[in-house]
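Only one structure is covered here, and it is reproduced in the block below.
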Amino acid sequence: RAKKAGGNRVEPFRPAFRSMGTDRLQMETDLRRAIDRKELSLVYQPIVRLSDAEIAGFEALMRWEHPKRGSISPEEFIPVAEQSGLISQLGAFAFDKAASDLMDWQLQTGDLPIFVSVNLSSAQLLNNELYNDVRAVLSKTRCEPHKLKFELTESVVMENAEQARLVLNKLREAGLGLALDDFGTGYSSLAYLTRFPFDTIKIDKALVRDSSDKRTVLLRSVISMALEMEMQVVAEGIETEEDAVELGRMGCQFGQSYLFGPPIGCDSVLRLLKERFPLMKRA
Ligand code: C2E
Ligand code: MG
Ligand code: MG
Ligand code: MG
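Numbering (the UniProt record's numbering), first residue to last: 688 to 970.
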């Protein structure tokens, strides 16, 4: 690195930016080592019940602290992980860590009625190890399966519809929750998607914040359709109290956004839970 070069060493020529290809390759190499080097971690964002603002659960979101580049967004490194085949490893790490963290919290707060959801990519769904990995984590952590959920986007299930249905049915039978993530950004055919065993739908922030005059009618119909299909509804990216009230009136039960709380580290979650559920603290 040029910075570290001392004395009379001539600084090598570095172009202003590397080509996309080289950059990706470098990121892939770095990502490959990131798990072992403990550069990956999870943060948790509260999913809040709109009726009483109580915490219903958390979504686990991955963070990468790169030794040189600092923190890199999952929007950037998850696609690299997906294309390089690393996502199954990252995903397994995330599920294991999320279940373990939940059990740690419960050890210190008592058995709280909260869940943790973990994002799932399409390559993981195609990986035959997924189901066994999930079972292994469940027996290792002794976490109750209904306290864990996977979040999948509609493109993930539509790309591999047959395989998706098989695996998702098995996960549901094992007791895990399944949330349809980012609804409202793709084809958004809820009727089609009911052929998969989702119990929750997460309405994307783009739809929640849509400024067109069709917003209300869209939100209302998505929510009522989901409710009729006995799914729970989470609205992402709610920015104002007003929107929270409006969505609540439409029948949406949960919200997840900076308004209700940003993603926070494992220790902060524990503090938050102790504060929110004081009566359930262990003797
Ligand atoms: P997602 O699953 O839809 O997660 C929600 C994203 O919205 C998170 O971004 C969250 O921090 C952000 N967010 C929450 N509230 C607000 C809000 O009020 N306003 C705005 N503008 N954003 C809000 P994040 O953490 O950067 O993650 C981005 C995406 O990366 C996730 O979208 C998910 O698709 C993917 N991702 C993150 N962690 C994992 C993982 O462990 N595995 C997989 N496969 N994907 C992951
Ligand atoms: Mg998600
Ligand atoms: Mg989402
Ligand atoms: Mg997203």
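Where is the CB? At the ideal position from N, CA and C, for every residue including glycine.
In terms of alpha-carbon separation, which member of 945, 793 and 732 lies closest to residue 961? What you label residue 961 is simply residue 274 of the sequence shown in a count that begins at 1. Selected option, being the one with the closest Cα: 793.
Using 7 angstroms as the cut-off, classify the Cβ of residue 663 as near or not near the heavy atoms of ligand 3, replying yes or no. Lying outside 688 to 970, the shown extent of the chain, residue 663 is not represented and no answer is given.
Distance check for residue 952 and residue 945, CA to CA, integer angstroms please. In the sequence shown, counting from the first residue as 1, residue 945 sits at position 258. In the sequence shown, counting from the first residue as 1, residue 952 sits at position 265. About 15 angstroms.
Quick one, are the C-beta atoms of residue 906 and residue 914 less than 8 angstroms apart? Here residue 906 refers to the residue found at position 219 when the sequence shown is read from its first residue. Here residue 914 refers to the residue found at position 227 when the sequence shown is read from its first residue. It is not a contact, given that the beta carbons lie outside the stated cut-off.
Quick check on residue 878: buried or exposed, where buried means 16 or more other Cβ atoms within 10 Å of its Cβ? Translated into positions along the sequence shown, residue 878 becomes position 191. So residue 878 ends up on the exposed side.
Is the Cβ-Cβ distance between residue 648 and residue 804 less than 8 angstroms? Residue 648 is absent from the model: the chain starts at 688 and stops at 970.
Runs of beta strand (DSSP E) wholly within the region 837-916 (minimum 3 residues, chain order): 864-870 and 887-890
Taking the alpha carbon of residue 765 as the reference point, which residue from 801, 942 and 727 has its own alpha carbon closest? In the sequence shown, counting from the first residue as 1, residue 765 sits at position 78. Residue 727 is the option with its Cα nearest to residue 765.
Give the straight-line distance between the Cα atoms of residue 968 and residue 835, rounded to the nearest whole angstrom. In the sequence shown, residue 968 corresponds to position 281, counting from 1. In the sequence shown, residue 835 corresponds to position 148, counting from 1. Reliability of the predicted coordinates at residue 968 is poor, the pLDDT of 49 falling under 50, and no value is obtained from them.
With DSSP collapsed to three states, give me the class of residue 778. Here residue 778 corresponds to residue number 91 of the sequence shown, with the count starting at 1. If DSSP states are grouped into helix, strand and coil, residue 778 belongs with the helices.
Using C-beta distances below 6 angstroms, list every residue in its chain close to residue 818, excluding the 5 sequence neighbours before and after it, in chain order. Your numbering for residue 818 matches position 131 in the sequence shown. In the same chain as residue 818, and ignoring 5 residues on each side of it, the C-beta atoms closer than 6 angstroms to its own belong to 857, in chain order.
At what residues does the alpha helix (DSSP H) containing residue 931 begin and finish? Sequence index remark: in the sequence shown, residue 931 carries index 244 (1-based). Counting along the chain, the alpha helix (DSSP H) containing residue 931 begins and ends at 928-937.
Examine ligand 5 and report whether any of its heavy atoms sits within less than 7 angstroms of the Cβ of residue 806. This structure lacks ligand 5; the ligands present are ligand 1, ligand 2, ligand 3 and ligand 4.
Cβ of residue 836 versus every heavy atom of ligand 3: is any distance shorter than 7 angstroms? Counting from one through the sequence shown, the residue named residue 836 turns up at place 149. No, the beta carbon of residue 836 sits no closer than 7 angstroms to any heavy atom of ligand 3.
Opposite residue 736 in the DSSP bridges: which residues? Your numbering for residue 736 matches position 49 in the sequence shown. DSSP, once it has assigned bridges, lists 941 as partnering residue 736.
Determine the direct distance from the alpha carbon of residue 768 to that of residue 849, and round the result to whole angstroms. Reading the sequence shown from its first residue, position 162 is the one you call residue 849. Reading the sequence shown from its first residue, position 81 is the one you call residue 768. Approximately 23 angstroms, taken between the alpha carbons.
Any beta-carbon of chain D closer than 8 angstroms to the one on residue 799? Any reference to chain D falls outside this structure, which holds one protein chain only.
Exposure of residue 889, with buried meaning 16 or more beta-carbon neighbours within 10 Å: Position 202 of the sequence shown holds residue 889. So residue 889 ends up on the buried side.
Run through DSSP, which three-state label would residue 722 get? The count along the sequence shown starts at 1 and reaches residue 722 at position 35. The answer is coil: DSSP assigns residue 722 none of H, G, I, E or B.
In this structure, how does DSSP classify residue 759 when only helix, strand and coil are distinguished? The residue you call residue 759 lines up with position 72 of the sequence shown. Looking at residue 759 - three-state DSSP - the assignment turns out to be strand.
Kindly list the residues whose CB is nearer than 7 angstroms to the CB of residue 855, restricted to its own chain and excluding five residues on each side of it in sequence; keep chain order. Position 168 of the sequence shown holds residue 855. Hits under 7 angstroms: 865, 883 and 884.
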